[in-house]
Each structure stands twice: as C-alpha cells, then as structure tokens.
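Residue numbers (my numbering), protein chains in the order written: chain A, 10 to 352; chain B, 10 to 352; chain C, 10 to 352; chain D, 10 to 352. The C-beta atom is built at its ideal place from N, Cα and C for all residues, glycine as well. Notes follow the structure.
Protein chains: 4
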Amino acid sequence: MKFSFKNDYSEGCHPNILQALLQNNTDQQAGYGEDEYSLKAKEQIKTKMNKADSDIYFVSGGTQANLIVISSVLKPYQCAVSAASGHILNNETGAIEATGHKVLSIETGDGKLRPSDIIPVLENHKNVPHQVMPKLVYISNSTELGTIYQAKELEELSDFCKQNNLYLFMDGARLGHGLTAEISDLTLERVAELTDILYLGGTKNGALIGEAIVINHPALQEDFAFNIKQKGALLAKGRLLGIQFSELMKDDLYFDLAKHANQQAMKIKHALQKKGVQFLSDTHTNQIFPILSNKVIEILSENFEFYVWKKIDDQSSAIRLITSWNTGDDPVNRFIEIIEKEL
Amino acid sequence: MKFSFKNDYSEGCHPNILQALLQNNTDQQAGYGEDEYSLKAKEQIKTKMNKADSDIYFVSGGTQANLIVISSVLKPYQCAVSAASGHILNNETGAIEATGHKVLSIETGDGKLRPSDIIPVLENHKNVPHQVMPKLVYISNSTELGTIYQAKELEELSDFCKQNNLYLFMDGARLGHGLTAEISDLTLERVAELTDILYLGGTKNGALIGEAIVINHPALQEDFAFNIKQKGALLAKGRLLGIQFSELMKDDLYFDLAKHANQQAMKIKHALQKKGVQFLSDTHTNQIFPILSNKVIEILSENFEFYVWKKIDDQSSAIRLITSWNTGDDPVNRFIEIIEKEL
Amino acid sequence: MKFSFKNDYSEGCHPNILQALLQNNTDQQAGYGEDEYSLKAKEQIKTKMNKADSDIYFVSGGTQANLIVISSVLKPYQCAVSAASGHILNNETGAIEATGHKVLSIETGDGKLRPSDIIPVLENHKNVPHQVMPKLVYISNSTELGTIYQAKELEELSDFCKQNNLYLFMDGARLGHGLTAEISDLTLERVAELTDILYLGGTKNGALIGEAIVINHPALQEDFAFNIKQKGALLAKGRLLGIQFSELMKDDLYFDLAKHANQQAMKIKHALQKKGVQFLSDTHTNQIFPILSNKVIEILSENFEFYVWKKIDDQSSAIRLITSWNTGDDPVNRFIEIIEKEL
Amino acid sequence: MKFSFKNDYSEGCHPNILQALLQNNTDQQAGYGEDEYSLKAKEQIKTKMNKADSDIYFVSGGTQANLIVISSVLKPYQCAVSAASGHILNNETGAIEATGHKVLSIETGDGKLRPSDIIPVLENHKNVPHQVMPKLVYISNSTELGTIYQAKELEELSDFCKQNNLYLFMDGARLGHGLTAEISDLTLERVAELTDILYLGGTKNGALIGEAIVINHPALQEDFAFNIKQKGALLAKGRLLGIQFSELMKDDLYFDLAKHANQQAMKIKHALQKKGVQFLSDTHTNQIFPILSNKVIEILSENFEFYVWKKIDDQSSAIRLITSWNTGDDPVNRFIEIIEKEL
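Have a look at this one:
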C-alpha cells in the first residue's frame, strides 16, 4: 500500500486520546457537553488563550463549525466575505448558502485577506437595500494554500474589521499548523485578542473528530448553544469531544503535533528547493505545492498518493503534499530519496 | 455519586469498539466515509437487512440524521407528519423547520401513528395551494414513550403510506430496543421492507456516536451524499463511524446490547407491577414510566438520578427510568430493594 | 351569476384609488418606494397612529407581510406562537417555516390569545437548548374567526409580552374591520402603542393590493428594507402602493369602508338571530358563521356563493359569510328574504 | 423637474391597462389567480408562444420571479450559474441564497453566457459530494448590459444545457426589448422552444406590476403553485395581474411598447455615434452606455437624471441611459440637442 500525502486525516488519533477514552469509558456523565471532560477542556483552552470570558463549544467537524458560526452571526440579509480559495467557497457543498447567506469571493494570490482586498467589496455593496450587506470576514490560518498570517497582518485586518463594523472569524482547522510554522510570530493569545470568533481544529491535528469554537465577542455568545443543537451538532456523548480536547491541551500536545507535521513537510520542501524546484505558494506549514514535471510526478505516483493540484503547462503541474501529526520519517526520507535521484 | 437512570448515553461505548479503534488506529484510510471499515460496515448492515440495493450513510447523531433525511426527501412546500411526542417536534430546537419544512403534530396517546391518525390530517390539507402538502410520515421505534410497533401495525402503516403517496421514515435511534422487546414480532428485515428510509441508532446502543441512515426507496438514493456534506455531517475521519458500526454488527452485538438494556428495565418494571404500581404507558423496552407517590420519588431521588416526567396529581407523578447496554445488576437490584421496602 | 359572500377580495378597488392612479399615471417618480405618494402615505398613517417614530413599509399581500416580519424579527432558533386558527398556521403553505422558523400552535376557541394561553407554552419550552425559544406572539385583529380584541385584552397581552421579553405582532389584514366593529373600544393609536410591529391590510379593505407594515419597536426598525427586498417584495413601481394607501388614509375612507362591510354582515346576522339561528363564534365584523340546516344551506347555495365552513352534525353545518367594502344592499336584502322565508 | 433616463419604471402604466381596470372594477371574481382575466391572459400568452402545454403564473416583480423559479427548480445541493452581471448576483440582496442556493458567477464582457463560459465551471465542480452541483443556467434577455441573444446563440446554449442535464432559465424582465431590437432574429415562439422556464416582464414594459412565469419543461410544472403561495407571491386579487397581461397581449401592445422604448434609445445612440462617442457595450435595446467626458456629463446632469455607471479614467465615465414605453420625443430631442451642441 502506498503511503499517502493526500491529507492530514488519513490516520486515527494520537494514542493519548485513545488511552483517555479507555480509562474513562464507563463512568456516567451528563450528556450534551455538560460532562466533566468537556468542562475541563474548555477551561484548559481558555487558560491557553488567556480569555476567561470567552465561550467554548465543541462540534464534530469544520464544515459544521463554519455553517453554525456564520449562520448564527449574520442576519438574513448579511453576508460573509472570503478569499476565493476559502474552504467555505469551494469544499462545503454550499453549506453556508444553505443557511441563507451569500459568501462574496475575493481573488487573492495567496489565500489571505488584507484590508485592501476587502475595501473594494465594501465600496461595491452600497446600493441599499438592493445588495447583501458584508458583515463577516472569513479567514483561515493556516490557509487552504498553506500560507499563514503574521501578527502585523492579523492586527491590521482586525483593526479594519472593527472600524468597518465587520466581525472577524478565523477558521482554525489548521490553526496549530499556522501558529507553529517556524516563521510565525503569532500566538494563540494574540489570535484570541484579534478575532471575534474562531475555531481550533482537532480533526486535522490528531483528534478523531472535533473542532473547538471559541466565541470572544460578547454579543455573539448569547444563546449560542441553540444554534449547535438546531444544526444537529450537539453530541449526546459530548464526552467524546471533551476527552479529546482535554488531552490535546495537556502540556503542549496540540502544538507539538502540529509542529511535527510542519517539520516533516519542511524537510521535503528543503530537499525540493535544493534541486531548484518552484512552488505554487510559499508555505511554512504542513502543506506544500511543488511544481514538478509530469515525468517526475508519474514516478512519485508509483510510490505515494497525493493530489495533482493544478496544471501549470503541458510539461508540468503543481502537486499538493500534506503531512500529519503521524507522518513518520520513513515515508519522508523515501520521498526525498526519489526526488534526489530523479531531479 | 448516584447511579443515573436518566438516559442511555451516560456511559462511553462497548469495549469491543474501543479495542477496534486501538487496533486500527494508525493505518491510513481514505477520508469522508470511503474507508474500508465504513464500506465493510455497510455490507454487514445490508446483509442483516437482506437489502442489497439499499444505500447507507453514517452520521454522528439523531437530530442530524432527522434533519438530513427530511430536508433531502421533501420539496420546499411539503411537510412531515409526526406523533405529538415525536423527537423532531419536541427535542430538536426546530431543526426540521430550520431546513424550511413544517412538521404537523398528531396527538396520540402512545407515541405511535396509525392510518386512522393520519387520515384527518390529509383531509384537512386539501386546500391547494394554500396549505403545506403532507409527504413524509415520521415514526420512531421504539417511540419516545418506550412503546413499539408490531409487524401488523407497521404493515398497515406502510400500505397506507404507499396508497397515499407518502414516504415512511423510521427514526431508529432505539431500533435495537424496539426489535428486541420480548413482545416484538418485527424483524430488521421486515422493517427494511416496510420503510422507505430509516436509521439505526448507535449513540443510544453502545456506540460513542453514530447513526446509520438506510435508504431503501430508490428515488431517495440519488445524490444523497451531497446532503450529508452540505449539512456538515460528513466526517473527515469516517473510519470512526465505520469501525463502530462494524463492531456493533459483528455477530449480534447490536441486538444483544439492546436486549440487555430492555431486560434491566423489565426487572424493575416487574418489581413495580408486583407492588401494584401503574405506568404512564405500557412499555417493553428500556424506558419505563411508573407512577409513584411524591414521597417514594423523594426517597428514590436520594439514591438515583432520573427525570420526573409528568405530574399526575398533587400526590403523585410519573418518573422516567432508562437503562442502557451498560446498566449492571447492582443498581437495578438496589432500586428494586428500595421499591420493595417503600411500597 | 350568483353573488358571492366567499371573501372580501372578490371585487376590484375603491373608485378613488383608480381615479388617483389615472391622475398620477404619467409623472416620473423614484422607484422602490421612494416615490412621493409612498412618502406621503407613510406620513398619513403615522399621523393617524400618532406614531412619528414608527417606520412604515408597503408590501403586496398578507402572507408576504407575515413572512417578512417574522423572519426579520426572529433569530434562527426562535419561534412564533399563534392561535391554532392563525392564518400563518393554516393558509400560508408553510411560509413561515420556509424561512426557518417554527410556529407553535395554541388551541383557543375564539381565535384570540390571552396570557393564560401562552404561559403553558413558555413553561413547556424551558429545556435549553433542546427546544425552540418562543419570542414572538402573532395575533390577528379581527381574527380569522371574525372576533376582535378589546382594549383591555390587548393591554394585558401587551404587558405580558413585555414582561416575558416577547415581541407582539398584529396581523391587521382586517384591522379596519376589527377597529370599526360596533362593540370595539380599541383605536388605531392604542394598537400602535400596544404592539411592537403590525400591518394594516389594504387588500381586504378596498385596495387592489397592499399591506402597510408598521414597525413601532426601534430595535426592529434597523435595516428592515433589506428584508423587504430579499424576499422579493420591493415593488419597482412603489407608487402603486403609495397611491392606494394615500387614498385610503384620506379623511377616514379606510375606516368607512371597513365599517360598511361590518354593517352589511351585521344586517344578516341580526336577521338570522331573529330566527333563533346559532353561530359558531360571536362576531361583530364582516365575517359571520351561522349554523344552518343542510336543507337551508342548499337553498341558499342556489342563490349565493359561500363556504360551508364546518360540519356540525348530519343535519347541519356552519357556513361562512363575508361582506366587503363593496357589498351592496341588494344581495344582503335578497339573502335576508330567503332566510325569512325558509326559517 | 428634470426628465429621468434612470430606468424604465419611473412612470405608471399604459392607459389601456388603467382603462381595463376601470371597466372591470366591480365584477366579482375568484381570488388567487383563478379570475377570468388571468385565465384569458394565460391563453393569450400561450397562443403567442405557440406553447399550449406550458404552465403560466403571474407574480409581482422580477426578484420574486427569480427566487421562486430557482428555489423550486433546484434540490438543496444544486446551484445556479449566472453571468457576473446577472441581476440575481448584484441587485437582489442575496434573494437566491436566502432560499438556500448558491449562484456561481461567471465573468463575461457582455453579460451573456455561452457554452464555452460554462464548461470550465462544470469542470471545476466534479469533486462529489464536496461541491455544489450546477443545475440551472440563468440568463437574461436583454441582459443587464442591454445586449441580446441571437437565435443561434440561444440554440447553442439550449443544446448545451440539454446535453449537460442543466435547466435553462431566462429572466425576461426586458424580454420585449430583447426581441424587438432591430437586429434581433429571435422570436417569442423560439424562446419558448429553447428554454425550460422563463418569465416575461411587465413591470419594465408598461404594466404597474407583473411578470409572467412560463414553465415549458413538464417536470418543472408539478405543484408549482405551492411555491408561489409559500413565497408570499400569490395575490388575493390576481385580477390585477390578469387584466394587465391581457391588455399587454392584445394585438401586439407588449412588443409595440418595447419597440418604442428601443427606438428612443437608438435615436440618442445614433446621435452620439455621429459625434464619435464610444460605448461600454454594443446595445440595440432601451439601454445605452455612452462614454462621455466629465464636463459633458455635468452639463447633461443639469438637464436630465441618469446613472453614472462606471468610471473610465479621470476625464471620463460611462453613463447609463434607459428609455421606456412612455419616453416621448421631447426629452430625446432635447438630449440630442445638448449632445450636438456640446460635442
């Protein structure tokens, strides 16, 4: 069986999580997120964020988190704005629109949004009441293209949103990877200060399932639990989510796992760079998009699974490689060996 | 800590499931339900149902299953009908209405629907196009009141639905309990023949999470996966659902667990009956609703957790006791002892 | 052709309206409700209501007004409550649910809601977050059964709503008829003081189309125009609505028309009462529901159109008769003649 | 008061319509579109279209028609595609998304869609079930940029849609103008043959309100009336719509009015062309977009109202001029005089 670099959710979960599930399996707990594990995990996250007043809810996956957050924040005539590469625009089967809200798409080369990207959208939506009202800025960190926000970028965006009465929502499906990128100068605390609402991804960082929605803006906290339940996201056995996040938050497991994934990707990246390979985007996280000749891609395909991401010309394409918390040295080394041999 | 008879999702999951999660934790699998475990589990269910042509999808919980099924089956102007005690009417925060569909409520004493209950609703919805069009009959088995459908009842209802061009949808959150009730003459195969769409509940019968939606009617199968994804219910690590259902379907674990839960409830029921206690409804599953004096309820409350379900008069109320796959003999015996002493 | 007592929208509109449409046909006006006629009509209504700070919007019909108001007021998990006879529950094809909101139905004999009707609903919806949150009380005046609210009743309901943090919304499709009923002690000013939002019906009181939504509660006024547009209710030629309401508000035309309709119904009512006929409800507006023998109903049917409303027993049924702003003396007298002859 | 070239709905309606409303004002008619006038108008349209089997419904306005059609045609996970200039994308406050459906935007210079525009969208939406499924192609004729479809273009698009299992929906808010453009080789009959569903606009072509939805594809006809009612679009006094369309369809009034509007615009266009003025798009209908210097625009603004549509550079902008069924020779001549003097 070929090793897969297709995504970061191919394996199960970190062993600590399974261990904790085993140890706590038979005690009786309150349902629907009122169990001790969930309560503890929420405290752990708040402590790490230095945000005692934030509200936290656990849900199963990213699309679910996105649709619940956006539909609960917006009034019927309000919309979200997103980079064109945003997950909500491309990979969620219209989940946001299904809740009644438009998502305005903004073309940006690197998957990030800057105030200068958003200003024209605001300018073009002033024909009241004939157009939707932009009200929420959706960003992901790391982005769908593997890029990250630096502190200054997020500060500028946050300021801009406040000045323009926009909510800032960060999709953190890969927040661990974004914050532990070697070049990142952003911290979880700072992210919590600069966003109105966000989620920390578990699914792509060592959990079986689970994303932790963190609501920082007080106005968005009111009655939020109703939205979770109404969208079918309130697990009867909330302990499953609580136990996982409690384990991930112990010491720095969450960040250690992400850092490991990043490092494995960077090893491949550096090996490719030495050979003069170009990349679709300049990434420092667990996703890389090298541009390779079709011949090399074919050889790699015989040994590994990955997505051919984008055709560049008749001779070459960009591929996407993703590493995970569980990607060992062996497949990475084998990949590098082939690269060094074939390039 | 008091033992809780509040519900059947207070504990974790059956040990076999945890064992399987451990054993299969690190192999790489395709995401989004295309993993081997999910594919195998689907085959196991089809075999048990003798329904090779049915389509099966796993989702996390009951509200999610209900809202996905109903919103995918109905056109915008069509509605569901449900017994007034139906879960979709009372305990899902308007999840069905949030997808745009009305649920018509029918008062019935025992939580079950018969053709004679539905006929007047059809009669009263003929003012085209000024009224919603009833199109789907929602039933649960066992019901929210612990009662069950017998084969003849389900056959009559199924015939009626076919004659009236209605889809029959069974919420099987507690289907195991319904089918293993000592008086039940219904089988899983027969249920599959008689319904258009249904789900088998895992959450309330020994899984951590998970319900298996089974689509029997060919017209309802088309493109169903889109609905799962759009509602945020498609888990990236579908293996979590596949592994669980594969374990539950091995031998007859699913039914053994339900039968056990039923038996524990029946022990208490019989002890209460011996003392002449009356019940709110005549149940043979893992839910019982004995009517007790306030004084006895108070004494029981000192030792156990349970819901006081309905005030009967100033002196007495009905309580709800639920047993689970994991309810041992000890709490049952202790409960019976108190009953025998106090009554 | 038989004269029809089926409803109050069988004829066109009051001649003054057509005259105004003719006179103002060719002047150029701003679109989308910014025309002079609409602006003037809004001022006329505010003056009559003594509500300078209310916001007013004109839309085409009642279902449209109801769905726009309710969907704009409620958050996704909130619901409306209505008497079981409410138009939104029975005659709008699930229009409210289609916007995502449940409507809780309350059985009341006379189509009216009192605090005592609503209290149990609030009591039964405290299982947070598993149930919808009641947030808006929908009433109609006159009701779908022809009954009306008196000042004291509306005051008590308004107080109750304020105390319980509920919005009070009055469907005034037949508000003119309600306020001009001979026994009514309620005024338009008082209605405006006691409700958060309401609409004055034009369609059933002499206009071609048109309902005037009046928003009294400041929190509900924000950005309301977006909702009108998004639901497809913002007419390009808003002048059509403005001209009509401006004419209806001149002098007391709106109330004169409603009073006339009421009086014609009352003539028939009194003639029936003299003969000892019973009624389904005690009405003083333009709807009456006499209970007659099948034989008399058959004779009347040969001469008039009307709805047989409800079967009482094998020998008799209640019929519904509705008079309009344009119902002349001739059909009323002919109806009374038959009654006097046959009873 | 300055004459306005801002739009084609500034005036009231054609005098024949008012005359008909006057003549038929007091006869009693069935409600909700079952009146004689509506029935007759539907037959007139079918005859003109040579489409005896089409179903026709009248609604008040364009946004309403668009949202009803699209939400009734699509399943929850399906989406519409539209040229980026499409009315549903820019001027309807997210009305389509509010019904749960995404609209994919395609950049095209002239507001028209060709198969070559749509193919890449289909190619990019094959990641089942993670993306919405394109299912309906939305076009307008004449377009929002004043351009039109020729027979060959519509035939190619229609063939393409059939081959790709897509529904073709034409927004005909200005269909009269599109078909009577002097260069048009398309007829109403041919449009009916080539589209699955469309609407003929009344509001922008001499009616007070009203669009006629024509459903050609049999599968889309089933139960359509429910959708009209549910969205609040079913007028109690349907006669208002029926009378208007019946008048517009008499002889060729509908086309005569559109042709007149086109001709008035073309007079201005030709005068501008003589002076060497460039246009944003090459139009032959009642919308023209000349590019003028800011100085000339200022002078024109002192005499006329119109929209400055798009800044071209610091010295010049494109303006939008729209003529209507009621635009007389006088304002057109005055406009031309200024042009001839100032250019």
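query, result
"For Leu76(C), decide whether its Cβ has a neighbour in chain D, counting only Cβ atoms nearer than 8 Å.", "yes"
"Against His110(B), what residues of chain C qualify as contacts under a CB-to-CB distance less than 9 Å, listed in chain order?", "Gly103, Glu106 and Ala107"
"List in chain order: all unbroken alpha helix (DSSP H) runs of 4+ residues lying wholly within the region 84 to 158 of chain D.", "96 to 99, 104 to 107 and 124 to 132"
"Using a Cβ-Cβ distance under 8 Å, would Gly21(C) count as near chain D?", "yes"
"Which class does Val317(B) belong to by DSSP, given the choice of helix, strand or coil?", "strand"
"When the Cβ atoms of the region 219 to 236 of chain A are set against those of the region 65 to 72 of chain A, are three or more pairs found closer than 8 Å?", "yes"
"Under 8 Å Cβ-Cβ, which residues of chain A neighbour Ile237(C)?", "Pro138"
"Tell me which residues share the same chain as Phe2(A) and place their Cβ nearer than 8 Å to its Cβ, disregarding the 5 neighbours each side in the sequence.", "The structure shown does not extend to residue 2(A), since chain A is modelled only from 10 to 352, so the question has no answer here."
"Using 8 Å as the limit for Cβ to Cβ distance, is Ile218(A) near chain B?", "yes"
"Please classify Ser4(A) as buried or exposed, where buried requires at least 16 other C-beta atoms within 10 Å of its C-beta.", "The requested residue 4(A) is not part of the displayed model; chain A covers only 10 to 352."
"List the residues that DSSP assigns as beta-bridge partners of Phe178(D).", "Tyr147(D) and Ile206(D)"
"Give the DSSP-derived three-state secondary structure of Asp62(A) in the structure shown.", "coil"
"Check whether the Cβ atoms of Ser255(B) and Tyr41(B) sit closer than 8 Å, and answer yes or no.", "no"
"Considering only residues of the same chain and omitting the five flanking positions on each side of Ala61(D), which have a CB-CB separation below 8 Å?", "Lys55"
"So Leu249(D) packs on Ile218(C), CB below 8 Å; how close in whole Å?", "6 Å"
"Is the region 288 to 305 of chain B in contact with the region 268 to 275 of chain B, if contact means three or more CB pairs nearer than 8 Å?", "yes"
"Please look up how many angstroms separate the CB atoms of His96(C) and Gly71(C), rounded, as I've assumed it's under 8 Å.", "7 Å"
"Just the Cα atoms here: how many angstroms apart are Asn59(C) and Thr152(A)?", "55 Å"
"Count the other CB atoms, across all protein chains shown, that sit within 10 Å of the CB of Arg343(B); report buried if there are 16 or more and exposed otherwise.", "exposed"
"Hey, Glu220(A) and Gly211(A): beta-carbon distance below 8 Å or not?", "yes"
"When the Cα atoms are used, what is the spatial distance from Ala267(D) to Gln37(C)?", "18 Å"
"Return the residue from the list Gly241(A), Lys161(A) and Ala93(A) that minimises the CA-CA distance to Leu195(A).", "Lys161(A)"
"Please list, in chain order, the chain D residues whose beta carbon lies closer than 8 Å to that of Arg248(C).", "Gly21"
"For Ala280(D), which residues of its own chain have a beta-carbon under 6 Å away from its beta-carbon, when the five flanking residues on both sides are left out?", "Ile345 and Ile348"
"Would you say Gln87(B) and Val141(B) are within 8 Å of each other, going by their C-beta atoms?", "yes"
"Counting along the chain, where does the beta strand (DSSP E) carrying Ala327(A) start and finish?", "Ser325 to Ile331"
"With 8 Å as the C-beta to C-beta threshold (strictly closer), list the residues of the region 83 to 101 of chain A near chain D in chain order.", "Pro85, Tyr86, Cys88, Asn99, Asn100 and Glu101"
"Flag Asn214(D) as yes if its beta-carbon sits less than 8 Å from any beta-carbon of chain C, otherwise no.", "no"
"Under the three-state reduction of DSSP, which class applies to Leu217(D): helix, strand or coil?", "coil"
"Under 8 Å, Cβ to Cβ, is there at least one residue of chain A near Val317(D)?", "no"
"Taking only three categories from DSSP, how would you classify Ile192(B)?", "coil"
"Would you please verify whether the beta carbon of Leu31(B) is less than 8 Å from any beta carbon of chain G?", "Of the protein chains in the structure, A, B, C and D, none is chain G."
"Taking the alpha helix (DSSP H) that Leu4(B) belongs to, which residues open and close that run?", "Residue coverage of chain B in this structure runs from 10 to 352, which leaves residue 4(B) outside it and unanswerable."
"Name, going along the chain, the residues of the region 322 to 350 of chain D whose beta-carbon falls closer than 8 Å to a beta-carbon of chain A.", "none"
"Just how far apart, CA to CA, sit Lys51(D) and His186(D)?", "21 Å"
"Between which residues of its own chain and Thr332(D) is the CB-CB distance below 6 Å, once the five residues before and five after are set aside?", "Ala270, Gln273, Ala274 and Asn295"
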